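Here the sequence shown is numbered in numbering that gives the first Met the number 0, starting from 0 and rising by one per residue. The beta carbon of each residue, even a glycine, is placed where N, CA and C say it ideally should be. Quick caveat, the model's predicted, so the values are computed rather than measured. Written out below as structure tokens is the structure these notes cover.
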Amino acid sequence: MTSIDNYFGEFLDNEDNEQEQNSKPLQDMRSGVIFLIDCTPTMLGLHGSFDLNSSNTVDSSSVKSGFDLSLLCCQTFQQNKALHSPFDMTGLVLMRTNESSVEMKNIMVLQPLVETVKTDELEKRYGTIVNQPNITFPLHEALWVCQNQFITCSKTFGIKHIFLLTDDPDPVNKNANLKRRAIAKMADMKQYGIELEVIPIKQQNTKFDYELFYDELLEDELIYPDLDKSSYHPDPTERLDELLSRINSHELRRSRLARLPFHLGSSKNLTLGISVYCLVYPTRIPSPIWLSSSDNKIVLRGIKLDGRYICFDKDELTEAVRNIAPVGLHLLGFISQKFLKRYYYIRPAHFIYPDEKSIHGSRLWFTALLNRCLHRKLLAIAIYVQRKGQFPRLVALLPQAEQINDDDDDDDNDGANRTQTIPPGFHIIFLPYADDFRDIEIPTNEIANESQVDIAKAMIRKLMVPFTPGQIENPTLQRFYSLLEALALNRETQSEVVDHTLPKFGAIKRRASEEITAFKECFNLNNESIFKYGTPQHCPLMTLQWLNAKLSSLTVNT
Numbered sequence: 000m001t002s003i004d005n006y007f008g009e010f011l012d013n014e015d016n017e018q019e020q021n022s023k024p025l026q027d028m029r030s031g032v033i034f035l036i037d038c039t040p041t042m043l044g045l046h047g048s049f050d051l052n053s054s055n056t057v058d059s060s061s062v063k064s065g066f067d068l069s070l071l072c073c074q075t076f077q078q079n080k081a082l083h084s085p086f087d088m089t090g091l092v093l094m095r096t097n098e099s100s101v102e103m104k105n106i107m108v109l110q111p112l113v114e115t116v117k118t119d120e121l122e123k124r125y126g127t128i129v130n131q132p133n134i135t136f137p138l139h140e141a142l143w144v145c146q147n148q149f150i151t152c153s154k155t156f157g158i159k160h161i162f163l164l165t166d167d168p169d170p171v172n173k174n175a176n177l178k179r180r181a182i183a184k185m186a187d188m189k190q191y192g193i194e195l196e197v198i199p200i201k202q203q204n205t206k207f208d209y210e211l212f213y214d215e216l217l218e219d220e221l222i223y224p225d226l227d228k229s230s231y232h233p234d235p236t237e238r239l240d241e242l243l244s245r246i247n248s249h250e251l252r253r254s255r256l257a258r259l260p261f262h263l264g265s266s267k268n269l270t271l272g273i274s275v276y277c278l279v280y281p282t283r284i285p286s287p288i289w290l291s292s293s294d295n296k297i298v299l300r301g302i303k304l305d306g307r308y309i310c311f312d313k314d315e316l317t318e319a320v321r322n323i324a325p326v327g328l329h330l331l332g333f334i335s336q337k338f339l340k341r342y343y344y345i346r347p348a349h350f351i352y353p354d355e356k357s358i359h360g361s362r363l364w365f366t367a368l369l370n371r372c373l374h375r376k377l378l379a380i381a382i383y384v385q386r387k388g389q390f391p392r393l394v395a396l397l398p399q400a401e402q403i404n405d406d407d408d409d410d411d412n413d414g415a416n417r418t419q420t421i422p423p424g425f426h427i428i429f430l431p432y433a434d435d436f437r438d439i440e441i442p443t444n445e446i447a448n449e450s451q452v453d454i455a456k457a458m459i460r461k462l463m464v465p466f467t468p469g470q471i472e473n474p475t476l477q478r479f480y481s482l483l484e485a486l487a488l489n490r491e492t493q494s495e496v497v498d499h500t501l502p503k504f505g506a507i508k509r510r511a512s513e514e515i516t517a518f519k520e521c522f523n524l525n526n527e528s529i530f531k532y533g534t535p536q537h538c539p540l541m542t543l544q545w546l547n548a549k550l551s552s553l554t555v556n557t
């Protein structure tokens, strides 16, 4: 085998390991978040007092004002993003400062490294506008600055979000003109897909009244505007705790993996647009990237030909070697759902949904195909190529009907309590090849009688607890990201990681001690001796050969 064959083989060995490729962020999956902090005197702690009970996770020794709390939210948010979403972008904008940036008056676009900014330093460097009874602030200008940050950025964002942290429920001070301009700017931001969320910072003995200004500004955000708007206001304590919580794990991307064409025939005259999602997949430790010790650049790999190295990019090789089938989903036919067995599962499934933006009319044709498959209990067989350069896979499209949770106790809401629990669409089930099946010799054991089964059921019922896969974090990933953060920030110690996968023996004993004892007596487990491994045996002859430096004389005849 030549060196070129070896080099190509290294790229083709893991042809089925596409989960790491699916976890790589796409351009339309990148999110941009801007923290817009209102620097009023009360937020800086110059007047009034900050309510420390506004968050359950705040350390009173380090947080003295609402501005400190806002910066802590921004800092924690960026630390989380650095671990599980390094391609996302975060910005910080201050409004109502004496100093101004180039774009607008009394608005300062602060650069990164926000953890080094303190309240007293900010007040000395930028100052604050002193609150007076008739002073107004043009909030639409601050929103324009944030919008301009998204527009002028060279990156493409799939999610654009603004967190407004303030303690002033009426920044325009009942000025109708400024209020109208702020509402118009909010409507313009919605056209660009920018969302605004107001997080109030509580002051002692002061109520944050949304009705003064923000109810009308955020009216388009409400799902049912005719209902009580106060029910849609987020709890400030819960929302701050979410921003202040540290998560040392990988965040599963909920955005689409790809936009693909769905060809219903060989002539490709009838093609639908679909979006591909991955609902659940195991999170792995990121693959290492080799860097040069001299200049810290990525090490390139190549082959030596005629005294010089020829370097190839991985994308160049995959494009030349794996370009077998066009990208998309190609329908082959239909079979009954009874032919799909549970043991066909080889990797996490994908989920497809119609994409009306790519091809007009996709939703209508997709719905018709889904309804016929559900009615006749059929599944579709197709060829699936997610990205250019990937080998085609044989897949089954399993239809899934929509499920809606209805609240039948209240018939006056006209569907206000109707929530979708399961979306309609097709699950892409990756089918195994013939060589994926193995002949396994299953050992035959004695079948338990009815009394033994009843005793085992009683023990299991006592140990059953509500469980969802996402409620227990992977301790290996937790330790990895904690150590990675300590190395990146030059910390001597890493944050403590609690392993929630360890069994709670005290709770198990309290809940099912009698059932466990009965189970042991039924199967005679109390008298079973614990198997112990013997001590490893040393070979005295090999030790003697090593001491006499005669290991080289031990050869194997070939």
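- Query: DSSP state of F338, grouped into three classes?
  - Reply: In the displayed model, F338 falls within a helix according to three-state DSSP.
- Message: Out of A447, R341, G272 and E440, which one is the CA nearest neighbour of L430?
- Response: Residue R341 is the option with its Cα nearest to L430.
- Can you give the Cα-Cα distance for L524 and P468, rounded to whole angstroms? Approximately 31 Å, taken between the alpha carbons.
- Query: Expressed to the nearest angstrom, what Euclidean distance is found between the alpha-carbon atoms of P502 and W289?
  - Reply: Taking the straight line from one Cα to the other gives about 38 Å.
- Start-to-end residues for the beta strand (DSSP E) that takes in T475: No beta strand (DSSP E) contains T475, which is instead part of the alpha helix (DSSP H) from P474 to A487.
- Message: Quick check on DSSP: helix, strand or coil for E237?
- Response: It is helical.
- According to DSSP, residues forming a beta bridge with V602: In the structure as shown, the chain begins at 0 and stops at 557. Residue 602 is therefore absent and cannot be evaluated.
- Query: Going along the chain, which residues of its own chain have a beta-carbon closer than 8 Å to the beta-carbon of A447, five neighbours each way excluded?
  - Reply: The answer, listed in chain order, is A455.
- Message: Let me make sure I understand the geometry here. Which of R478, F390, R375 and L70 has the alpha-carbon closest to that of T165?
- Response: Of all alpha-carbon atoms in R478, F390, R375 and L70, the one lying nearest the alpha-carbon of T165 is that of L70.
- C-alpha gap between A257 and S512, whole angstroms: If you take the alpha carbons of A257 and S512, they lie about 51 Å apart.
- Please specify which runs of the alpha helix (DSSP H), each continuous and at least 4 residues long, are wholly inside the stretch 121 to 186, giving them in chain order. Annotation: the stretch 121 to 186 contains the following complete segments of the alpha helix (DSSP H) (minimum length 4 residues), in chain order: 138 to 151.
- Item | Inter-residue spacing [alpha-carbon to alpha-carbon] between Q336 and T282 | A straight line joining the alpha-carbon of Q336 with that of T282 spans about 30 Å.
- Query: Within this structure, are the beta carbons of A324 and P260 separated by less than 7 Å?
  - Reply: Taking 7 Å as the Cβ cut-off, A324 and P260 do not qualify as a contacting pair.
- Going by DSSP, what residues sit across from T39 in a beta bridge? BP columns for T39 are empty, so no partner.
- In whole angstroms, what separates the C-alpha of I427 from that of I193? Roughly 32 Å between the two C-alpha positions.
- Task: Identify which residue in V452, V32 and L330 has its Cα closest to the Cα of K154.
- Result: Minimum Cα distance to K154 is reached at V32.
- With DSSP collapsed to three states, give me the class of L196. Note that residue 196 is Glu in the sequence shown, not Leu. Residue state, collapsed to three classes: strand.
- What distance in whole Å lies between the Cβ atoms of L271 and I382, which are believed to be in contact at a cut-off of 8 Å? Between I382 and L271 the beta-carbon gap is near 15 Å, outside 8 Å, which marks them as no contact.
- Query: What is the DSSP secondary structure of Q26, reduced to helix, strand or coil?
  - Reply: Here Q26 scores only 45 on pLDDT, less than 50, and its place in the model should not be relied on; the value that follows carries that caveat. Helix, per DSSP.
- Query: Which two residues bound the contiguous alpha helix (DSSP H) that contains I515?
  - Reply: Where I515 is concerned, the enclosing alpha helix (DSSP H) starts and stops at F504 to C521.
- Take every Cβ of the stretch 433 to 442, pair it with every Cβ of the stretch 475 to 494, and state whether three or more of those distances are shorter than 8 Å. Too few Cβ pairs lie closer than 8 Å, so no.
- Item | E242 versus T96 - alpha carbon distance | At residue 242 the sequence reads Leu, which differs from the Glu that was named. Approximately 24 Å between the Cα atoms of the pair.
- If L378 and P423 are in contact, beta carbons under 8 Å, what's the gap, nearest whole angstrom? Not a contact, Cβ separation roughly 15 Å.
- Task: Could you spell out the range, first to last residue, of the alpha helix (DSSP H) harbouring A367?
- Result: Residues S361 to R375.
- Query: Out of curiosity, what's the CA-to-CA distance linking T542 and Q451?
  - Reply: Near 53 Å, if we compare the C-alpha coordinates of Q451 and T542.
- Task: Between the Cα of I380 and those of F425, F136, I158 and D240, spot the shortest distance and give me the residue it belongs to.
- Result: When each option's Cα is compared against that of I380, the closest is F425.
- Is T89 buried or exposed, if buried means 16 or more other CB atoms sit within 10 Å of its CB? T89 should be labelled buried.
- If you drop the 5 nearest sequence neighbours on each side, which residues of the same chain put their C-beta closer than 6 Å to that of A517? Contacts found: I454.
- Of the residues F156, A175, S99 and I134, the one placed nearest V144, counting alpha carbons only: Selection F156, A175, S99 and I134 evaluated against V144 yields S99 as nearest (Cα-Cα).
- Looking at C-alpha atoms only, which residue of S293, A348 and M458 is the closest neighbour of Y276? Ranking the options by Cα distance to Y276, first place goes to A348.
- Message: To the nearest angstrom, how far is the alpha carbon of P170 from that of G157?
- Response: Cα to Cα, P170 sits roughly 30 Å from G157.
- Message: Restricting to Cα atoms, I'd like to know which of F338, P398 and C521 is closest to Y352.
- Response: Out of F338, P398 and C521, P398 has the C-alpha closest to the C-alpha of Y352.
- Could you check if V298 is buried or exposed, using at least 16 other CB atoms within 10 Å of its CB as the buried criterion? Of the residues assessed, V298 falls on the exposed side of the cut-off, its CB having fewer than 16 other CB atoms within 10 angstroms.
- Let me know if S274 comes out buried or exposed under the rule of 16 or more other beta-carbons within 10 Å of its beta-carbon. S274 comes out buried.
- Message: Just verifying my parser: in three-state terms, what is the DSSP assignment at Y280?
- Response: Per DSSP, reduced to three states, the secondary structure at Y280 is coil, with no helix or strand assignment.
- Which residue comes first and which comes last in the beta strand (DSSP E) that contains Q419? Its beta strand (DSSP E) spans residues T418 to I421.
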